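The structure appears right after this line, and notes come after that.
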Amino acid sequence: MMSPGHEQQITILAGVVVLLFAVIFGALILGMMKNAKKRSQELTHEAKREMPTTSEQPEELPLAHIDSTGNVVSDLSVPDLHDAAVVIEEKAVDLAVALKKTEENLFGRIRSLFKSETSNKHLEEIEEILYTSDLGPATVQRLMGAIEDKLSKKERADYDTVREALKEEIKNIFQGSHSTSVGTGILSKIQFAAEGPTVLMIVGVNGAGKTTSIGKISAQLAAEGKKVLVAAGDTFRAAAGGQLKVWTDRAQVEIFSPEGVTDPSAVAFDAVAKGKGQGYDVVIVDTAGRLHTQANLMEEIKKMKRVMSKVIPEAPHETLIVLDANSGQNALMQAKEFHNALTLTGAVLTKMDGTAKGGVAVGLAQELHIPIKLIGVGERIQDLRTFSSQEFVNSLFQ
Numbered sequence: 088m089m090s091p092g093h094e095q096q097i098t099i100l101a102g103v104v105v106l107l108f109a110v111i112f113g114a115l116i117l118g119m120m121k122n123a124k125k126r127s128q129e130l131t132h133e134a135k136r137e138m139p140t141t142s143e144q145p146e147e148l149p150l151a152h153i154d155s156t157g158n159v160v161s162d163l164s165v166p167d168l169h170d171a172a173v174v175i176e177e178k179a180v181d182l183a184v185a186l187k188k189t190e191e192n193l194f195g196r197i198r199s200l201f202k203s204e205t206s207n208k209h210l211e212e213i214e215e216i217l218y219t220s221d222l223g224p225a226t227v228q229r230l231m232g233a234i235e236d237k238l239s240k241k242e243r244a245d246y247d248t249v250r251e252a253l254k255e256e257i258k259n260i261f262q263g264s265h266s267t268s269v270g271t272g273i274l275s276k277i278q279f280a281a282e283g284p285t286v287l288m289i290v291g292v293n294g295a296g297k298t299t300s301i302g303k304i305s306a307q308l309a310a311e312g313k314k315v316l317v318a319a320g321d322t323f324r325a326a327a328g329g330q331l332k333v334w335t336d337r338a339q340v341e342i343f344s345p346e347g348v349t350d351p352s353a354v355a356f357d358a359v360a361k362g363k364g365q366g367y368d369v370v371i372v373d374t375a376g377r378l379h380t381q382a383n384l385m386e387e388i389k390k391m392k393r394v395m396s397k398v399i400p401e402a403p404h405e406t407l408i409v410l411d412a413n414s415g416q417n418a419l420m421q422a423k424e425f426h427n428a429l430t431l432t433g434a435v436l437t438k439m440d441g442t443a444k445g446g447v448a449v450g451l452a453q454e455l456h457i458p459i460k461l462i463g464v465g466e467r468i469q470d471l472r473t474f475s476s477q478e479f480v481n482s483l484f485q
């Protein structure tokens, strides 16, 4: 039998053992908890590293809707339609629709005339309608001659016969100076140099659409793989260079606009030299929009043409005038003055859509014998399109 002293020692020893086990067990538990927490943090960190950052997050699929033609159309904003890098398949403008007002102004009035009972006055009234349709006096006389010489008195009283006679004579007017085919794009309407850059000189009065036409021509040429340089030769108007810069940025072509140079002839000379030296395919030289009645400014533009030929003897290869179809007979007078000063190689007739004065195209062909190379029938780049006399006449008489 143990003494009370021994029992007390055993009790104390047992307590120490229990306490020791408790400490060891607690330490093990605490260590396991720390390891678990650390592992959890490592897994979280690793997972975060595998996740893309904000800039790497995949883009959401664009919202879309179905348009009236059944095509899927993105609701997200797209680059400007004038951006040459954006290829958008869009339906071409129907020329007959674009020329509707011109047709109504010309043949609509002739149709109404034949519905009246004053058939004995048809010839005189037809002549009056033609004169007020911006065809030009020489064109009117030729058309009236075709009616008088080729049709009998009975035939002149029949609208369909008169209409066919006018159509045939207008076709004859376009023959020689104009292509009947629509062509395969803007390249088919430009006389390219045999070697080196082709230089296009663009002239016309302010407001005719010269800057816009240069931008659209540049974009179409760039889309065809041509390396294009546009020279900001309109140094008289402060905003001209800025407007041209907007268009060249959209077309993704280079602009030549040296700071501090106010002499347009110097700009033209240096631009052509740069185009020749740096392997450009096309150099387009803008000029100041000026009235054809400003003799001093017309002399300046003639000088611009002369200095270009000092770099490339054949330059400019094309001298194109931009005309606003809404100007009617005034556009014809502008073309005559510029042609006398520069010997134009062609015309760009803008704003044909919606005008009632599209008959000026016939006057240009009859009186100047210079080809209309391009026509504008809308705001889009592709709405500046090649001119076909056959398509024009067929649309006008549809």
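Under this note's numbering, read the sequence shown as residues 88 to 485, first letter to last.
A virtual CB, placed ideally from N, CA and C, is assigned to each residue, including glycine.
These numbers come from a predicted model, not from an experiment.
Nearest C-alpha to G415 among K423, E386 and G446: G446.
Going by beta carbons, K444 and A412 fall inside the 8 Å limit. Straight across, the Cα-Cα distance linking I234 with I399 is about 49 Å. Taking the C-beta atoms as reference points, M288 is found no nearer than 8 Å to T437. The way I'd put it, the segment 337 to 348 doesn't touch the segment 280 to 294; fewer than three beta-carbon pairs between them come closer than 8 Å. DSSP, reduced to helix, strand and coil, places K460 within a strand of the structure shown. If you ignore the 5 residues before and after S396, its C-beta comes within less than 6 Å of the C-beta of A402, all in its own chain and listed in chain order.
In its chain, beyond the 5 residues on either side, A319 and G328 have a beta carbon closer than 6 Å to the beta carbon of S344. The C-beta distance from A452 to F261 rounds to 5 Å, short enough to fall under 8 Å.
With a cutoff of 8 Å on beta-carbon distance, L410 and A428 are scored as not near each other.
In this structure, E424 lies away from L182, with their beta-carbon atoms at least 8 Å apart.
A358 sits buried, since 16 or more C-beta atoms from the chains shown fall within 10 Å of its C-beta. With fewer than 16 other Cβ atoms from the protein chains shown falling within 10 Å of its own Cβ, R198 counts as exposed. With a threshold of 16 other beta carbon atoms within 10 Å, I111 falls short and is exposed. Look at the segment 300 to 373 and you find these whole runs of beta strand (DSSP E), each 3 residues long or longer: 315 to 318, 341 to 343 and 369 to 373. DSSP, read as helix, strand or coil, puts M288 in strand.
For A281, no beta strand (DSSP E) encloses it, and the DSSP letter there is neither H nor E. Counting of Cβ neighbours within 10 angstroms places Q278 among the exposed residues, the total staying below 16. Scanning its chain for C-beta atoms nearer than 8 Å, with the 5 sequence neighbours on each side dropped, one finds around I213 the residues I197, L200, M231, I234 and V249, in chain order.
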